[in-house]
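The listed protein sequences correspond, in order, to chains A and B. So for the first sequence, the working numbering puts the first residue at 1; every next one is plus one. So for the second sequence, the working numbering puts the first residue at 1; every next one is plus one. C-beta: ideal position from N, C-alpha, C; glycine also.
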Amino acid sequence: MSWDVAIIGGGVVGTAIARELARYQLRCVLLEAADDVGTGTSKANTAILHTGFDAGPGTLESRLVTRGSSLLREYAQETGIAVEPTGALLVAWTPEQASSLDAIVEKARANGYLGAVPVSESGVYEREPHLGPGAVAGLWIPDEAVIDPWSVSLAFATEAVRAGVALRLRTRVSGVAVLGGGEGFELAVDSGPEPVRCRFAVNAAGLASDQVDRMFGCDGFSIQPRKGELIVFDKLARPLLSSIILPVPTPRTKGVLVAPTVFGNVLVGPTAEDVADRSDLSTSAAGLAALVAAGRQILPSLEQEEVTATYAGLRAATEHRDYQVSRHGRYARVAGIRSTGLTASLAIAEHVAGLLEEAGLALKPRTGDGPARPRMPYLGEAGPRPYQLAERIAADPAYGEIACHCERVTKGEIRDALASDLPPAGLDGLRRRTRAMNGRCQAFFCGAEVSAMFSRADAGLRAEGGGQRGH
Amino acid sequence: MVTDVLVVGAGPAGLTAAIELRRLGVERVLVAEREEQPGGIPRHSGHTGYGLRDRHRLLSGPAYARTLTDAARQSGAELRTGCTVSDLQAGGESLTAILTSQAGIEEIRPSAVLLATGCRERPRSARLVPGDRPAGVLTTGELQQRVYSRGERLAGRALVVGAEHVSFSAAVTLAHAGARVVALLTEHERQQSYAAFRLGAALRWRVPVWTKSAVTRVTGVAGRLGSVEVTDRRSGQVRTVDCDWLVFTADWIPDHELARSAGIAIDPGTRGPAIDLGMATSVPGVFAAGNLIHAAETADVAALSGRHAARRICSFLTALAAADALSRVPIITEPPLRWISPNIVTADGTTPPRDRFVLRTDEFRRPTRLMVSQDGKILARSRSLRCIPGRPLHLPASWLTTVDPEGGAIHITIDPAN
C-alpha cells in the first residue's frame, strides 16, 4: 500500500505537519527514529514562545515565527498547554549595548512587532529588583512568553493520531528510492523489511535533515549542530524574577538568558558551541561553570539556590541564516529550523501544506467535525494543578495522592499519562508528560515508586497488546 | 477539625515528638506524612544500628520505624499517611495549614506546628557533575528504596561518591543487591567513617576508598551508564572507570521548602530554619526538629531533638504570653566550621537537645578546641575535638549562662591557640 504523505521526523515541526495534513482527506504516516515524539531539539530548548522581534527582517523565519506565535498561543489555550505571558526584558549592561537598543527597536518594527518599549536604568530595576548591578538601560518586550515545550509535540501528535495519521516510532529512514515517473518514493526503514511507499515526502528530520536530504538526491545545506547547555534552578528561585531577562544579542548568538519556566523554575542558558557529534548531549564542566557565573552576574541571589537539573540541546543550525524550507518535486525539505522552531511550528506546517499543494497534493478537507482538540494535562504553575482542586479529588481520589513530592505530581496524573493515546516508552517520556521525578530531589524520594508504577503499566500493555507501546 | 499541634513528617523526629506531646497531655496531635508509610528514612535501611540513644536498644531501620510508629499510634496521636501539607501560612495571628490527600483538601488551624520534614542528598545535577544523563545514576535514598523496599536486584559494577557512614551504607546496600562495588571516592584526603566500618568493607568486599578524587564526567551508552571519568585532585590524572551504577551519597540538604515558602527565617549554615534552644523558628508557634535542622544526624539524635521540641511546644501552649519578649542572640560559625545547631540563644535557662550543640566542619583538622566568643570576649573553650567532615562535633552548652542577652552575635571558631 502507498501513503499519500510520509513525514520523516516526529519533533515539534514534524508533528505539527502531521497534524496539519490530518485535516485533509489524506493517508499520512509519521516516521520517528526514537521511541517517542519530541525527543530531539524539541525537548531541550529554552521553552520561549517568541514574538519574532529579533528575527532577520524579510526572512521566512521572521514571517513564520510571527504567524506561528499567534497560532501557538491560541492552540495552547484550546488544549490546556501551559503558557505564562511573562514578557521579556532585554538588558544592556554597557553603554555600547545601550546604544544598540534603538536598532533593535527598528528591527522589531521591520519584523512587524511594534510592542517594544525602551526602559531607563531605574525602569529596569523597577521591573526586576533582584537584577545584579550594572544595568544601563533596557527594552521591554511585553509579548514574549514561556511555554511548556514537551506538551506541544505531544498535543500535535495526539491530535494527528486521533485523526488517523499512523505514527511509527523506532523507525529510522535509511534510504530513498524515487518511484518511476516521479510519482512518489520508497523509503527504506530500519524497523522492518517492508519499505514505506508514499506519493509525497516531507523531511523534518531536524539534526539528521541533511542526511535525509541527500537520500532524496538534494545537497543544499549541511547541519552544523550548535550545542546549548542549560541549568535549571530550584523553584525557590522563581520569585527572584518576573520576566525573561535577555542579553543584547551578538551576530553569533542570542546570548545567555535567565528565564522563568512554566514549571516554576528558573532557567539559565544556553551556551553556544559548534560540535561535530549529532548525538552528543553531554554537559561540560566549562559550560556549566560559565552558566553559573553568568546566572550569578545577572541575578546574584541565584547563588543561594540549588540547581535542580542540567542538560544540553543541539540546535539544528546550518550554514545559512534562514530556515531551509523548499520543495523539490514531491519532496519537501523542512530544515535548519533553529531555536524558533517551537514558536513557528504551526505556521511552518501551514506553509509546508501549501508547498505540497503546489506539487499536486489535493488538500480536500475532511467531511464532518473531525476529532476534538486534545486536552493536555496542565503542567504549569501559573494555574491550578490537580492536587489543588478539591472537586477533582472528590471525583477521583487519585488526584489527591501525591507521588512526586517536589513537583506535586499525583498518582492520578501518572496513571492518566500511562493510559494516554501516546503512552511513554520509558521513564523520561513519563517525566515529560507529568513532571514526575523532575524536581529538586531527582527521584531521591519518589524514584522507586514512580518506576514501579511505570513497570506495572508497561507490563500490562505488553500482556495486552504485544508491546505496541506508542504504536 | 481542631488540632492543637500539627507535626509535619512522620520520621523519627516527628513520631517521637508526637509521642512526647501526648505523654505531656496535649489533646489533639496530628502527624501528617506525605509518604504512604510512616517511619521516615529508616524504613529503607536494612542494616542495624538504630534506636541506641532514644530506645536504648539496637534495631534494624524498618524495625525501628515500626517501633516508633506503633508507639505514636498507641499514644493517641492521629497519624495520617499519604497526606501532604501543601501550604503553611504563618503570617497573621493564627497558623493555617492545607492538607492534601485522597480525602481531599482540608484547612486546619493548629495552635502550634512542628516541622520535621527531614533532609535529602544532593543529586548529581545539584553537584553540577557534567556529562551525559544516562539511567543508573542515583542517590542513596533512591537506592535503598529500590533495593530494600522493592527488592530490586542490581547487576554490574558500581561506584559510590562519598566516604561517610552513609556512603558505606550505600556500598553495603549495593553488595546486598548483587552489584560489585568498585570503589568509594571522596574529595577529602581520607574517608570519614569509622575505622571498623571501613575495615569491614575492605575485608569483606575488598572495596578501596579513592581519596582526593572526584567524578568529573558521566558517560552513557544507549541511555544506560557506561563509564565515569575520575580525576585525581592531587596529580590531576584522569582515568575512565567502567560502571553500571553511580551512587551519590551524603552532601545533605534539609527539605526546607515548606519552611521557606511559609516565610520562616533560614540559617545560612544549616540551610534549615534558624532555631533557638527551644527549637522555635522565627515565626511564633512554628518549631522545627530532626534532620531539617541538622542534616544529617543519626535517627536517634533526630528523635531526641523531636522530644526536646515537644517539651518546648508544651511550654509554648501553656504560656503563650511570655514567648516573644526574649531577645534572641544568633550563633555564627567561622570556616572551616560549616554550621551549628541550634543557632540562636535565648537567655531563659533553656538548654539545647541533649545539653549540647552539634556542629559540622568542612575540613579535617587535628584534634582541636572550639572557642566561643561574644563581642570579643571569650566565653568558653571546648575540650579537644576531632574534626571530620560529615561527622558531628559536639559542643557542651555549659557556657550559656555567661551570654549577654543584649550583646552581639556569638562566634564559634577553631581556637587559634591550638
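- Using a C-beta cut-off of 8 Å, the segment 207-223 of chain A makes no contact with the segment 105-121 of chain A, since fewer than three inter-stretch Cβ pairs fall below that distance.
- Interface with chain B (9 Å Cβ-Cβ cutoff): L207 (chain A) is excluded.
- Within the segment 444-458 of chain A, contact with chain B at the beta-carbon level (separation under 8 Å) is assigned to F444, F445, G447, A448, E449, S451, A452.
- Taking 8 Å as the upper bound for CB-CB distance, R217 (chain B) and G131 (chain B) are in contact here, some 4 Å apart.
- Under the Cβ criterion (8 Å, minimum of three pairs), the segment 6-16 of chain A counts as touching the segment 191-208 of chain A.
- When DSSP states are grouped into helix, strand and coil, V124 (chain A) belongs to the helix group.
- Under the 9 Å criterion on CB atoms, D70 (chain B) is classed as non-interfacial with respect to chain A.
- Between P342 (chain B) and I275 (chain B) the beta-carbon gap is near 5 Å, inside 8 Å, which marks them as a contact.
- Nearest C-alpha to P330 (chain B) among B:L292, B:I19, B:V403, B:S384: B:V403.
- Using a Cβ distance threshold of 9 Å, A112 (chain B) and I266 (chain B) do not count as a contacting pair.
- P397 (chain A) has a beta carbon lying within less than 9 Å of a beta carbon in chain B.
- Under the 9 Å criterion on CB atoms, D132 (chain B) is classed as interfacial with respect to chain A.
- At a Cβ-Cβ threshold of 9 Å, R168 (chain A) and E32 (chain A) count as neighbours.
- Across the segment 91-113 of chain B, CB contacts with chain A closer than 8 Å involve T100, S101, Q102, A103, G104, I105, in sequence order along the chain.
- In this structure the segment 66-78 of chain B does not lie against the segment 98-107 of chain B, because fewer than three pairs of beta carbons, one per stretch, are closer than 8 Å.
- Chain B has a Cβ within less than 9 Å of the Cβ of L236 (chain A).
- A Cβ-Cβ separation of about 4 Å places G380 (chain A) in contact with V262 (chain A) under the 8 Å criterion.
- Taking A335 (chain A) as the centre and dropping the five residues before and after it, the same chain places the C-beta of S209, Q324 closer than 6 Å to its C-beta, in chain order.
- At a C-beta separation below 7 Å, C441 (chain A) has these neighbours in chain B: R120, P123.
- Secondary-structure assignment with DSSP links A259 (chain A) through a beta bridge to A:L267.
- For I298 (chain A), the uninterrupted alpha helix (DSSP H) run begins and ends at 285-298, by DSSP.
- Secondary structure of T219 (chain B) (DSSP, three-state): strand.
- Taking 8 Å as the cut-off between beta carbons, none of the residues of the segment 31-57 of chain A comes near chain B.
- By the Cβ-count criterion, S227 (chain B) is buried, with 16 or more other Cβ atoms from all chains shown falling within 10 Å of its own Cβ.
- A Cβ-Cβ separation of about 5 Å places A116 (chain A) in contact with V105 (chain A) under the 8 Å criterion.
- Contact of A126 (chain B) with chain A is assigned, a C-beta pair being separated by under 9 Å.
- When secondary structure is reduced to three states using DSSP, A90 (chain B) falls in the coil class, being assigned neither helix nor strand.
- Within the model, the alpha-carbon separation for R127 (chain A) versus S315 (chain B) is close to 46 Å.
- By the criterion of a C-beta distance shorter than 7 Å, A17 (chain B) is surrounded in its chain by V7, L114, A116, A289, G306, R307, A309, A310, once the five residues flanking it on both sides are discounted.
- Under DSSP, G131 (chain B) forms a beta bridge with A:T283, B:V218.
- The DSSP assignment places complete alpha helix (DSSP H) segments of no fewer than 4 residues inside the segment 192-256 of chain A at 209-215, in order along the chain.
- Taking a contact as a CB-CB distance under 8 Å, the pair L207 (chain A) and L230 (chain A) does not count as one, their CB atoms being some 17 Å apart.
- The Cβ atoms of A259 (chain B) and G272 (chain B) lie closer than 9 Å to each other.
- Ranked by Cα distance from V147 (chain B), the first of B:V286, B:F168, B:A179 is B:A179.
- Our two residues, D280 (chain A) and L154 (chain A), have alpha carbons roughly 24 Å apart in a direct line.
- Within chain B, R133 have C-beta atoms less than 8 Å from the C-beta of Y311 (chain A), given in sequence order.
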